[in-house]
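**Student:** Here it is: the structure, laid out below.
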Amino acid sequence: MPTSGCAAKIDVSSKVYAPVSYDPSRLDEANHRITNNLQLLVTLMSIEARRITDPEARGMIDLMINRIGAIASVHRQLYSTGDKNTVDLGVYLSDLAQDLDHSGGGFDVSRTISVDPAPVSVSADEASAVGIIVSELVGNARKYAYEPGAPAPVRIVLRERQPGGYSLEVSDKGRGFSHGSPAAGSGFGTRLINMMARKLGAQHAWHDGVPGTRFTLSTGRA
1 MPTSGCAAKI DVSSKVYAPV SYDPSRLDEA NHRITNNLQL LVTLMSIEAR RITDPEARGM
61 IDLMINRIGA IASVHRQLYS TGDKNTVDLG VYLSDLAQDL DHSGGGFDVS RTISVDPAPV
121 SVSADEASAV GIIVSELVGN ARKYAYEPGA PAPVRIVLRE RQPGGYSLEV SDKGRGFSHG
181 SPAAGSGFGT RLINMMARKL GAQHAWHDGV PGTRFTLSTG RA
C-alpha cells in the first residue's frame with residue numbers, strides 16, 4: 001500500500017560525475033569583474049568623501065578607501081599577469097604605493113612613498129593581508145606623524161628571507177612615539193594590523209625610528 005510523501009526512488013549509482021576542468025579565461029573574467037567593481041566602489045566613496053567637512057570623518061573614509069584599494073590592486077595584478085595563483089609582492093607593493101600616493105589620504109601630498117622591493121612570490125590572500133597592513137601604516141603616518149598638508153614621506157622595504165620567507169619594513173620621519181603618534185595604540189587600525197599579521201603567521205613590531213616610527217614584519221624561519 002502506497003504511503004504518503006515521497007515514495008519515488010532515484011538511482012544515482014550509475015551517474016557519472018565529470019571532473020571539474022580549470023578554465024583560466026573564467027578566472028581572468030572573475031578577477032577583471034572584481035577589480036572593476038572594487039574600483040567603482042572606491043570611486044563612489046571618493047566622491048562622497050569630498051562632501052565631508054569633518055576632518056575625523058574624512059580621515060576614516062580615506063582609510064577605508066585605501067583598504068578596499070589594496071584588495072583591488074591584488075586582483076588587478078592577477079588579471080594583468082599570466083600567473084593566476086601567485087602575486088609578485090614587490091611589484092604589488094610598488095603599484096599599491098602609486099595608488100596611495102594618488103589618493104593622498106586626505107592630505108596635500110604627492111609621490112611621497114618610496115619602495116625598495118624584492119621579487120617575492122606569495123598567494124593572493126597573503127598579498128591582500130600585506131597590502132592592508134601597508135595601507136594602514138601609510139594612513140597612520142599621514143594622519144599622526146606629520147602635520148596636515150606637509151610632505152609625508154614613507155619608505156617601504158621588502159626583502160626575501162631564507163628559507164621561504166620575507167621581511168617588510170615601513171618607516172616614516174615624523175613625530176615618533178614620544179611626540180604623540182599612536183603608532184602601536186589600541187585603535188581599530190592597530191587591531192587590524194595585528195589581525196593581518198596573525199593571519200600571515202608573521203612576527204611584527206613597532207620601533208621608535210628617532211626620528212619617526214619604523215614597523216617591521218617577518219615571515220619564515222630566522
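Read left to right, the sequence shown gives residues 1 to 222 (the UniProt record's numbering). Cβ atoms here follow ideal geometry from the backbone N, Cα and C, with glycine treated the same way.
(1) If you run the structure through DSSP and keep just helix, strand and coil, what is Ala70?
(2) Among all the DSSP beta bridges, which residues are the ones paired with Ser121?
(3) Can you tell which of Ile52, Leu100, Pro55, Glu56 has its C-alpha closest to the C-alpha of residue 224?
(4) If you measure between the beta carbons of Val91 and Val74, is that distance less than 8 Å?
(5) Please report the distance separating the alpha-carbon of Tyr166 from that of His102.
(6) Provide the residue span of the alpha helix (DSSP H) that contains Arg198, from first to last.
(7) Please list the terminal residues of the continuous beta strand (DSSP E) segment that includes Glu169.
(8) So, Gly176 versus Val134, is the Cβ gap smaller than 8 Å?
(9) Closest to Gly201 by C-alpha separation, out of Thr219, Glu160, Gly189, would be which residue?
**Tutor:** According to the structure data:
(1) Residue mapping note: residue 70 aligns to position 70 of the sequence shown, counting from 1. Correct three-state label for Ala70: helix.
(2) Along the sequence shown, one-based indexing puts residue 121 at 121. Asp88.
(3) Outside the displayed span of the chain (1 to 222) sits residue 224, for which this structure offers no information.
(4) The residue given as residue 91 occupies position 91 in the sequence shown. The residue given as residue 74 occupies position 74 in the sequence shown. Not a contact, by the Cβ cut-off of 8 Å.
(5) Position 166 of the sequence shown, counted from the first residue, corresponds to residue 166. Position 102 of the sequence shown, counted from the first residue, corresponds to residue 102. Each residue's alpha carbon lies about 27 Å from the other.
(6) Residue numbering aside, residue 198 sits at position 198 when the sequence shown is read from its first letter. From DSSP, the alpha helix (DSSP H) with Arg198 extends over 188-200.
(7) As a position in the sequence shown, residue 169 is number 169, starting the count at 1. Per DSSP, the unbroken beta strand (DSSP E) holding Glu169 starts and ends at 165-172.
(8) Numbered from 1 along the sequence shown, position 176 holds the residue referred to as residue 176. Numbered from 1 along the sequence shown, position 134 holds the residue referred to as residue 134. No, they are not a contact pair.
(9) By one-based count along the sequence shown, residue 201 stands at place 201. For the residues Thr219, Glu160, Gly189, the minimum Cα distance to Gly201 belongs to Thr219.
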